[in-house]
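Per the numbering used here, the very first residue in the sequence shown carries number 2; after that it's consecutive.
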Amino acid sequence: MECIFCKGTMEKGFAPFQIDRKNYHFTLEKVPAWVCTQCGEKYFEENEVKKIQELLEKIDSETNDFSKVA
Numbered sequence: 002m003e004c005i006f007c008k009g010t011m012e013k014g015f016a017p018f019q020i021d022r023k024n025y026h027f028t029l030e031k032v033p034a035w036v037c038t039q040c041g042e043k044y045f046e047e048n049e050v051k052k053i054q055e056l057l058e059k060i061d062s063e064t065n066d067f068s069k070v071a
């Protein structure tokens with residue numbers, strides 16, 4: 002696999018995932034990913050993205066309920 006940014010070699014590894022949402026900041030420290038050995042760009046496979054999306058949807062619904070109580 003080749004990096005679309007620098008044409009470097011992509012290797013299986015782990016990478017952090019971070020996102021700021023309206024009610025919280027979400028971080029996963031070690032998500033399976035393809036990581037460029039040259040520039041460090043990371044790509045997550047579709048199944049990992051789906052898992053992250055499911056986690057975020059669950060957290061969104063729970064934080065929305067919490068903000069109504071507070």
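No residue lacks a Cβ here, since even glycine has one placed at the ideal position from N, Cα and C. None of the values given here were measured: they were computed from a predicted structure.
In the three-state DSSP reduction, residue 52 falls in the helix class (H, G or I). For residue 20, the enclosing beta strand (DSSP E) has its first and last residue at 11-21.
Per the DSSP secondary-structure output, residue 3 pairs in a beta bridge with 10. Between residue 31 and the set 24, 17, 48 and 38, the nearest pair of CA atoms involves 17. Three or more Cβ pairs drawn from the segment 34-46 and the segment 6-20 lie within less than 8 Å of each other, which places the two stretches in contact.
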